[in-house]
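Only one structure is covered here, and it is reproduced in the block below.
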Amino acid sequence: MQKFLPLVFSFGLVLTTRAQSVTDPHVTMWLTAKSAQYARVYETVSDKTSGNAVSTWPRSGLTNGGGGQATNAYSDVQRVAYSTNYVYIQTTGLASYTMGNWFTPNAMTYTSWPTNRAAIHRIPRTPSIPATKPKSGGNGGVLVNGVFVWANGDAQSYSTSTATVSMAGSGVWNRLAGVAEAFNFDAGYGHQPNSGAYHNHINPIALRYQLGDNVTYSTATKTYTEAGTITRHSPIMGWANDGLPIYGPYGYSTATDATGGLRRMVSGFVKRDGTVNLAATGRAMLPVWAASVQGISPTLSAGSYGPSTTTTYAVGGGVTGTYSIGLFAEDYEYLGDLGKTQGVDFDLNRQNVRYCVTPEYPGGTYAYFVCINASGATVFPDIINQEFFGTPVNGTGTVTSISETVTEYVDAGPAAPITVTAAAAGGSVALSWNSAEAATYKVEASSDNATWTTLSAATTSGGLTTSYTATTATNYYRVTLTAIASYDTGGTYGTAVGKTAIVSYGAAVTAPTITTQPASVSVTAGASATFTVAAGGTGTLSYQWKKSGSAISGATGASYTIATTGSGDAGSYTATVTNSVGLVTSAAATLTVSAAATAPTITTQPTSLSVTSGGSATFTVVANGTAPLSYQWYKGGVAIAGATAASHAITGAQSANAGSYTCVVTNSAGSATSDAATLTVSAAATAPAITTQPASAAVTVGSGATFTVTAAGTSPLSYQWYKGGAVISGATAASYTLASAAAGDAGSYAVTVTNSAGAATSSAATLTISAVAVAPSIATQPVSLSVLAGGAATFTVVANGAAPFTYQWSKDGVAISGATSSAVTVANVLAANGGNYVCVVTNAVGSATTNAAGLLVAAVQASAPMITTQPVSASAATGASATFTIAANGAATLSYQWRKDGTAITGAAGASYTITAAQSGDAGAYACVVSNRVGSATSAVATLTVNVVGTSSARLVNLAVRARVGGAGGKPITGFVLVGTGAGKPMIIRAAGPAPTGFGLAGALADP
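Numbering-wise (the numbering used here), the sequence shown opens with residue 6 and increments by one.
Below, the structure written as structure tokens:
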């Protein structure tokens, strides 16, 4: 038996039948109209033709590769609940439109079937937009009918090692479901794997038809078609796991203007043309966006190449296909990476997202859009690409239970409240109520609403509405849900069993009684006041309100309102309730009217601000008026949650924070709205800078040569390579490759890197081309050396011939490990390093060996330590750190001992000594004794001054000083005036230009 996982609440149950005050589309935009109706499928082509839809599947004899529904399951969204941060959607994952059938041409694959997913989706109500976009994959969100929406890939990728596409592929070339699996989509473009999770990768056209999104339906062919005319902005189709809405394909022509017309949104991608790195040699280079998602270089090694476009593979049943352009996500270029060089204006970024106003978000939002062309065919990246724009709350978007207090927005399906109506039908009474498909109801009658007689113990529902005729009229009828189809009577919908509703019909009249007395009210003059009474009794009840015993003309309802109170309205109010058999008068309620409050007025308006991305901005309003005043800030007309103070601060500002801000100040007398203040958030572009220069190369005729540059700077970066100062056509990437060098290709190569902030040109790299490979020859022999023990010796060789060269140095005929460059250095020479050094230089043609170069090591007499760098006096605030450092020469091994005021400091035995949290007791004179086997040397004394923080009343009179000083030997002459008492007066001096330490200033900061 399939059952929903139950909703689990903690910290008390907070539920309302329907929270009407909620306006957040995250909570309100769900499809529940048919949630009490069974999901149905067409199992075969003939079933679809004849309209034979079934509510359990598959029937005996049909192929079953996985999934299926042996018992009835309800369709669409079943429950919606929400907390402050999340909305929870309980769904079967099955659509209310008829799903199926699913083709299996040529026995390409098994048939799998949709299954009740009993899922709880969790969607964040306040999306977070990170700088680094998280990868998508698998379930990407949920549609408003509870059906899953998956990312555009089908989890299959190409593997070079096996030359095939599979789940175990390399993950570099990722196959698109909308291309590879389209044969297995039903009319709504949905299908499922063997797990039974029915989902859409592409355009959810059947749901769009249900929502009125410019789609037509043929009852003859049972297919959906894109309408020829765009009549409305696409509605919300669903929500991605990052909390951003998913719209259909149509939006406003101008992103931030709802009055400028409608059009189909244009993808930011174009199919690669098949001539650059996609030819018959194989897919050898990724587009920039895909390399970024995968975290690898666009230029691939041979082990990561994709299949060539002419390679064939088995499709199944003797059918073969080719890996044509468009099969993989990586077969598409993002126009934003190309700088619009394709001449295409596009609306959607590489995550398929647009920032725009919509009917549901008039103040603007980031949103995904369905991508199709003019004929309705899917266009890459379909709906959700390889990465999310926002931060998903969890990988799958689903949870197994709800572990926080939530408010239930709607309880749909079999659990929905029952509403019963009763109407005369001759001598009988016709009852009608909303019902769940195949549910069973008990019908009862009563004359007094206390003792009940069963009219029908088990009335089976007639679908979404059920009728029953009571042959005898009486005062009350009661309908109770007693059973739901065996699918879920013991699960979540077990809570629906027992739901009841009572309708009154011709009950005997009873005298009125007051059930709720009117309450006393205190208002200020000019405000409104309302008294309300509730009364029991049958028949027609009439009401008359009185003030101090006198009837009030026209006050004949259960409530009486004084729209604008004055002092003369103060007094005692009662209500008399009457029907045909009696009357009753309420208790008196007192109206107290006090002097009128003063409505707020804005005395200081918020001012517009401009900040750079990541900065902070604060808007402030000042208002007069009778306290207490309440505040509510708005952005683009939408209230900002929690922004209820006179100031509103935005920290870490991002582009999404830009917009128009206003504040509404309210008190009991009225409200006032501030002028709009605009926040502009700009990102300062950084001009390009070359971080890795292209290297010169020498090759033989017919060989390949590649120059590569690396640059930093604000994206997007564009590249242009030059030879001898002339533009190289088509050389617009970070690397430029000559596949087969000719003699005319020799010369000087450079590249210019450009972005919106400027350009940078690399140094020139020389390409040398030789006719044939030449074996190495030694141009410069290594030279014999004589050095003192402890010194360093370097041997160098220069060779001619065809590059590249490899080098191997040896000493006395034995190869030196790691000595594989044109120079070898012996550091800290010892007697054992003496000997003859030789280098063998090798290339593809041959090798050459240098002459032997001798190394003679002369003994050095041991010397006592000598201080080369004295420690420097320092000052620090209490709790701060201070470090003394010394440098000394002398025969190894040197030992160190730091002293304070002449006394050795335990453990202070290094060339540096640090006091990590200075206290007043640490102040004093510090020195270091350096020793070796020959002798010792004592450093000069360095003084530590500890400034006690918080005890000084000192203050700096002038806040900042800028001074220019001379060259070497100059001293900065800068005056600082401090006043107040106390021994510690620390200050920070920061200098731009020559380091302050060059002028004898201790404790200086780094250059700004």
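C-beta atoms are modelled at their ideal positions from N, C-alpha and C, and glycine is treated no differently.
Tell me whether residue i sits in a helix, a strand or coil according to DSSP, three-state version.
i, result
"A717", "strand"
"Y636", "strand"
"W294", "helix"
"F190", "coil"
"G201", "coil"
"T919", "strand"
"V149", "coil"
"S472", "strand"
"A534", "strand"
"T33", "helix"
"P119", "coil"
"G573", "helix"
"D350", "coil"
"P3", "Not covered by the structure: residue 3. The range shown for the chain is 6 to 1013."
Can you give me the C-alpha to C-alpha distance between residue i and residue j, rounded to a whole angstrom?
i, j, result
"A334", "I207", "14 Å"
"S509", "Y578", "32 Å"
"T61", "N121", "11 Å"
"T908", "G796", "36 Å"
"Q875", "V946", "8 Å"
"A644", "T518", "44 Å"
"D350", "V271", "8 Å"
"S957", "T609", "Only weak support exists for where S957 lies, its pLDDT of 46 falling under 50; the value from the coordinates is given anyway. Computed Cα separation, rounded: 38 Å."
"Q698", "G730", "17 Å"
"G630", "S880", "54 Å"
"T22", "N150", "Reliability of the predicted coordinates at T22 is poor, the pLDDT of 37 falling under 50, and the value obtained from them is presented with this limitation in mind. One C-alpha to the other measures close to 20 Å."
"A923", "A882", "7 Å"
"K276", "D336", "6 Å"
"Y203", "S65", "21 Å"
"V801", "I910", "According to the sequence shown, residue 801 is Thr rather than Val. Between T801 and I910, the C-alpha separation is close to 48 Å."
"Y918", "A885", "14 Å"
"V415", "A530", "41 Å"
What are the boundary residues of the beta strand (DSSP E) that residue i is part of?
i, result
"H126", "124 to 129"
"K816", "811 to 816"
"V50", "That residue, V50, is in no beta strand (DSSP E); its alpha helix (DSSP H) goes 50 to 55."
"R213", "Looking at the DSSP string, R213 is not in any beta strand (DSSP E); the run it does join, the alpha helix (DSSP H), is 210 to 215."
"H206", "Counting along the chain, H206 falls outside any beta strand (DSSP E), and DSSP gives it neither H nor E."
"N439", "433 to 439"
"N841", "840 to 847"
"G266", "262 to 269"
"Y510", "First-last for Y510: undefined, no H or E at that position."
"E231", "228 to 231"
Could you check if residue i is buried or exposed, using at least 16 other CB atoms within 10 Å of its CB as the buried criterion?
i, result
"Y318", "exposed"
"L1047", "Because the chain spans 6 through 1013 in this model, residue 1047 falls outside it and cannot be assessed."
"N205", "buried"
"P135", "exposed"
"Q161", "buried"
"D278", "exposed"
"V384", "buried"
"V242", "Reading off the sequence, residue 242 comes out as Met, not Val. Buried, because 16 or more other Cβ atoms sit within 10 Å of the Cβ of M242."
"M290", "buried"
"M104", "buried"
"V92", "buried"
"D247", "buried"
Checking the sheet assignment: what are the DSSP bridge partners for residue i?
i, result
"G587", "N584"
"E365", "E365 is not bridged to any residue."
"H196", "H204"
"A930", "T948"
"L835", "Answer by DSSP bridge pairing: none, since L835 is not bridged."
"R237", "R237 pairs with nothing; no bridge assigned."
"A325", "Per the sequence shown, the amino acid found at residue 325 is Thr instead of Ala. The partner list for T325 (beta bridge, DSSP) reads A319."
"Y446", "T464, L486"
"Q924", "Beta-bridge pairing links Q924 to no other residue."
Does the ligand ADP have a heavy atom nearer than 7 Å to the CB of residue i?
i, result
"E231", "The ligand ADP is absent from the structure shown, which contains no ligands of any kind."
Starting from residue i, follow the alpha helix (DSSP H) in both directions and report where the run begins and ends.
i, result
"A185", "182 to 185"
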